[in-house]
Amino acid sequence: MSGKLDKPEVGQGTGYPEDTPSKRDGDDWRNRPPYRTTDANEQFQKRHTAHCHCGRVKYWLSREKPLAAKFCHCIDCQALLAFTRRYLEKEWILMNVIFIGAPFQWAAIFHKEDLHFENGAEGLAFYHAPSKGTHYELPVKVSCANCHSPIMDEGRNMVLMFPGIIKFRSAEDKGHFDPQCHIFYSQRVVDLPDGKPKWVGLDKGSELMKDVQPNEAQTIVGERKIETTE
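Each residue of the sequence shown is one higher than the one before, counting from 74 in our numbering.
Set out below in C-alpha cells:
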C-alpha cells in the first residue's frame, strides 16, 4: 500500500525522536529514565542485555527479576501496527505497511530506573494510542524506528518490557521472567490451559476466571470449528 502524504512539519510527529516532542514536558523526558544518557548512568549495573531485530536499539536492565510478568490478552496488544515513512523526491510516501499481530503479549514490569538505552531516545519511534498520534506522550508505545520491533510500553510510573528481545544467558535467567498470570483473558483468541490465574481484566482488579483444563480446551476448539463451518 502506498500513497502521497504532506510532509509533516517539525514537531508535528513522524515517529522519530527528533520531531516527536512531548506535548506536556517539551524535551525534558529525554533527561529522565529510561532515556537519559548522562554521567548518572556510569554506575548502571548491566544484568540483562536486549536489542531489537535490526540491532540499532540496544538496552540493558539492572534488575535481575521483573517486578511482575504477565500474559496480556487485551485487544490493543493483539493488534500492533507499524509503518515506515520514506522521504522520496521531496514527497512523503507511505510505504511498507506492516501489520504485526499476536494472540497475546508477554510483558515484564520494571521501574524506569531499571532500564538504560545505549543511545537514549535516538532511533526510537513513539505511538500514543489514546490520540492515535506518533508523538511522545504518556502512556506511549515504544519501538525501533527502523525495524519496528516493539520495545516497551511506557506508563507514567512503570515500563512494560517485552522479554522476547532479551538475550538471556541461561534458562535460569529466563525463568525469572515466567508470567505469573493472564490479564484481560476475557478478550482472548486462544485458550491456554496452563494452570496460571486468569483475570477478566487487570489482575486483582477484576474477576478471576475458571481455568480450562487441556481436555476441555480441545473440546471447546472442536465446538468452535463446528460453529464456523455451519
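Note that the Cβ used here is the ideal one computed from N, Cα and C, for glycine as well.
Check: Taking 8 angstroms as the limit between beta carbons, can you name the residues of its chain near D226, skipping five residues before and five after?; Outcome: A180, P212, V213, K214, V215, V232, L233
Check: May I have the straight-line CA-CA distance separating G193 from S135, to the nearest angstrom?; Outcome: 16 angstroms
Check: According to the neighbour-count rule (16 or more other Cβ atoms, all chains shown, within 10 Å of its Cβ), is I224 buried or exposed?; Outcome: buried
Check: Between the Cα of R261 and the Cα atoms of P252, P236, G274, which residue gives the shortest distance?; Outcome: G274
Check: Keeping to the same chain, check which residues put their C-beta closer than 8 angstroms to that of K269; ignore five residues upstream and five downstream.; Outcome: F144, P252, Q253, C254, H255, D284
Check: Using the rule of at least 16 other Cβ atoms within 10 Å of the residue's Cβ for burial, across every protein chain shown, is A202 buried or exposed?; Outcome: exposed
Check: Short of 6 angstroms in beta carbon distance, which residues of its chain neighbour H126, apart from the five on each side in sequence? Order them along the chain.; Outcome: C220, S222
Check: Take the Cβ of D149 as the centre, count every other Cβ of all protein chains shown within 10 Å, and call the residue buried at 16 or more, exposed below.; Outcome: exposed
Check: Under the rule that 16 or more other beta-carbon atoms within 10 Å means buried, what is D187, buried or exposed?; Outcome: buried
Check: Rank A198, R103, K185, A175 by C-alpha distance to the C-alpha of V263 and give the top, closest one.; Outcome: A175
Check: Is there at least one Cβ from chain C nearer than 9 angstroms to S216's Cβ?; Outcome: Considering every chain present, this structure includes no chain C. It has just one protein chain.
Check: With distances taken between CB atoms, is the gap from C217 to R120 smaller than 9 angstroms?; Outcome: no
Check: Span of the alpha helix (DSSP H) holding E245?; Outcome: 244-248
Check: S204 by DSSP, collapsed to three states: which one?; Outcome: coil
Check: Distance check for T207 and G196, CA to CA, integer angstroms please.; Outcome: 14 angstroms
Check: Would you call Q178 buried or exposed, if buried means 16 or more other Cβ atoms sit within 10 Å of its Cβ?; Outcome: buried
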